[in-house]
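Order-wise, the sequence lines are chains U and W.
Under my numbering, the first sequence has 8 at position 8, and the numbering climbs by one with no breaks.
For any residue, its number in my numbering is found by taking its place in the second sequence, counting from 1, and adding 113.
From the three backbone atoms N, C-alpha and C, an ideal C-beta is built for every residue, glycine too.
Take a look at the structure below.
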Amino acid sequence: GAGVSQTPSNKVTEKGKYVELRCDPISGHTALYWYRQSLGQGPEFLIYFQGTGAADDSGLPNDRFFAVRPEGSVSTLKIQRTERGDSAVYLCASSLDPSHEQFFGPGTRLTVL
Amino acid sequence: KQEVTQIPAALSVPEGENLVLNCSFTDSAIYNLQWFRQDPGKGLTSLLLIQSSQREQTSGRLNASLDKSSGRSTLYIAASQPGDSATYLCAVTSDMRFGAGTRLTVKP
Numbered sequence: 001g002a003g004v005s006q007t008p009s010n011k012v013t014e015k016g017k018y019v020e021l022r023c024d025p026i027s028g029h030t031a032l033y034w035y036r037q038s039l040g041q042g043p044e045f046l047i048y049f050q051g052t053g054a055a056d057d058s059g060l061p062n063d064r065f066f067a068v069r070p071e072g073s074v075s076t077l078k079i080q081r082t083e084r085g086d087s088a089v090y091l092c093a094s095s096l097d098p099s100h101e102q103f104f105g106p107g108t109r110l111t112v113l
Numbered sequence: 114k115q116e117v118t119q120i121p122a123a124l125s126v127p128e129g130e131n132l133v134l135n136c137s138f139t140d141s142a143i144y145n146l147q148w149f150r151q152d153p154g155k156g157l158t159s160l161l162l163i164q165s166s167q168r169e170q171t172s173g174r175l176n177a178s179l180d181k182s183s184g185r186s187t188l189y190i191a192a193s194q195p196g197d198s199a200t201y202l203c204a205v206t207s208d209m210r211f212g213a214g215t216r217l218t219v220k221p
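As structure tokens, this is what we get:
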């Protein structure tokens, strides 16, 4: 079956703009995770959904970041008033539930000019 | 807060050598630990998941062990090949915490 997909693969935007990043998890996976990764670092946790609700959003760096998963499948990470420091690869993962393996998408490379 | 550390940051070995990558974590009350491989510019590929009740998992030339009491996990790669060259990441996935990875180079 299909793996986790993310769109777009690359996004270049200007400082101050709004961006949306999309994640399509593996069908049937109730848990969905967003991470971001900077060069040479491991992924940094942002937010975790169990079904439609955000079970843990403690990793969101500030209120410019918001994520939704309205139907318990596709999720959108939204970043308002982007800053150059938001430039990173944003990774999405899904799992059957938190006790199972996480499977990652290819990521969206965000560049804020 | 869970902290995950991987040592060494980089490792270079000749082809055919057996090697061990190390991962340590600060909070032993983990639910599971997962090892991943990441090729340059790519996403993460899951290698092995170890549940907290397990001590090791094997897949082909890979063997991962878990010692919760000492806060350590190791990934053993047997008979390394140039195609094994990548960054290897460990994660306490139940806490959503990753190490920074070990960049492995296997020289032909």
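Problem set entry | Whole-angstrom C-beta distance between residue 113 (chain U) and residue 104 (chain U), which should lie under 8 Å | Incorrect: roughly 27 Å between the Cβ atoms, too far for contact.
Problem set entry | Three-pair Cβ contact test at 8 Å for the stretch 136 to 144 of chain W versus the stretch 153 to 162 of chain W | no
Exercise. With 16 as the cutoff for other CB atoms within 10 Å, does residue 194 (chain W) come out buried or exposed?
Worked result: exposed
Exercise. Residue 9 (chain U) and residue 24 (chain U): beta carbons closer than 8 Å?
Worked result: no
For this session: Go through its chain and collect everything with a Cβ distance to residue 64 (chain U)'s Cβ below 7 Å, but skip five positions before and after it.
Result: 79, 80 and 81
For this session: Measure the C-alpha to C-alpha separation of residue 102 (chain U) and residue 196 (chain W) and round it to an integer number of angstroms.
Result: 23 Å
Exercise. In whole angstroms, what is the alpha-carbon distance linking residue 183 (chain W) and residue 134 (chain W)?
Worked result: 16 Å
Exercise. If you measure beta-carbon to beta-carbon, which residues of the stretch 138 to 166 of chain W are closer than 8 Å to chain U?
Worked result: 144, 145, 147, 149, 155, 156, 157, 158, 159, 162 and 164
Exercise. Taking 8 Å as the CB-CB limit, is residue 214 (chain W) close to chain U?
Worked result: yes
Exercise. So what does DSSP say about residue 195 (chain W), is it helix, strand or coil?
Worked result: helix
Exercise. Which one of W:201, W:208, W:175 and W:206 has the shortest CA to CA distance from residue 120 (chain W)?
Worked result: W:201
Problem set entry | Under 8 Å between C-beta atoms of residue 26 (chain U) and residue 34 (chain U) | no
For this session: Could you check if residue 161 (chain W) is buried or exposed, using at least 16 other CB atoms within 10 Å of its CB as the buried criterion?
Result: buried
Exercise. Where does residue 64 (chain U) fall in DSSP's three states?
Worked result: coil
Exercise. For the stretch 50 to 104 of chain U, which segments carrying the beta strand (DSSP E) assignment without a break, of at least 3 residues, lie completely within its bounds, in sequence order?
Worked result: 53 to 56, 65 to 68, 75 to 79 and 88 to 95
For this session: Output yes if chain U places a C-beta closer than 8 Å to the C-beta of residue 206 (chain W); else output no.
Result: yes
Exercise. What three-state label does DSSP hand residue 169 (chain W) in the structure shown?
Worked result: strand
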